[in-house]
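In mature numbering (1 follows the signal peptide of the UniProt record, and there is no 0), the protein residues as written are -21 to -1, 1 to 118. What follows is a set of notes on a single structure, which appears directly below.
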Ligand code: FES
């Protein structure tokens, strides 16, 4: 008999775990419409049972990243409130808000992307969201 490597592995596993891994439970042999067949495969016993469980010795979970959380600004774009962080590029905020802005140079030279931010003309490609309240109007 010529056995492939996969078949050899399966045969070894069946010999190592004869009682639990590859045998159907006695209740499943009486398969009626209302009985459930267990779907658990117990190849390695309980060796991996606690491998991915939480470690209680680490204490309470903290937020990852910034200690005090992100510095969120109160931003409205054309009257619609938008989530933004102070220091974030205006072009990114506008894209996230799905507001179409025309760009040309993307360096702040041409003025194609001008908009009104807190009453002042700003270029969307180079400006960032300020701290606090920010109102943006597109032309
Ligand atoms: S794209 Fe030219 S100034 Fe913004």
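For every residue, glycine included, the Cβ atom is placed at its ideal position computed from N, Cα and C. Remember, it's a predicted structure, so these values are computed and weren't measured experimentally.
Residue environment, residue i, which counts as buried when at least 16 other CB atoms sit within 10 Å
i: residue 98; result: exposed
i: residue -11; result: exposed
i: residue 94; result: buried
i: residue 43; result: exposed
i: residue 75; result: exposed
i: residue 52; result: buried
i: residue -13; result: exposed
i: residue 32; result: exposed
i: residue 30; result: exposed
i: residue 4; result: Caution applies to residue 4, whose pLDDT of 49 falls short of 50 and renders its modelled position unreliable; the value that the coordinates give is listed next. Flag for residue 4 reads exposed.
i: residue 47; result: exposed
i: residue 92; result: buried
i: residue 104; result: buried
i: residue 102; result: buried
i: residue 73; result: buried
i: residue 113; result: buried
i: residue 106; result: buried
Reduced DSSP category for residue i - H, G, I as helix; E, B as strand; rest coil
i: residue 32; result: coil
i: residue -16; result: helix
i: residue 78; result: coil
i: residue 8; result: Note that residue 8 scores a pLDDT of 49, beneath 50, so its modelled location is shaky; the value from the coordinates is reported in the next line. In this structure, residue 8 counts as helix in the three-state DSSP scheme.
i: residue -10; result: helix
Closer than 7 angstroms: residue i CB and nearest the ligand FES heavy atom
i: residue 34; result: no
i: residue 42; result: no
i: residue 103; result: yes
i: residue 86; result: yes
i: residue 82; result: yes
i: residue 117; result: no
i: residue 48; result: no
i: residue 113; result: no
i: residue 91; result: yes
* May I have a chain-ordered list of the beta strand (DSSP E) segments no shorter than 3 residues that lie completely inside the stretch 80 to 118? => 93 to 96, 99 to 102 and 112 to 116
* When the Cβ atoms of the stretch 60 to 69 are set against those of the stretch 22 to 36, are three or more pairs found closer than 8 angstroms? -> no
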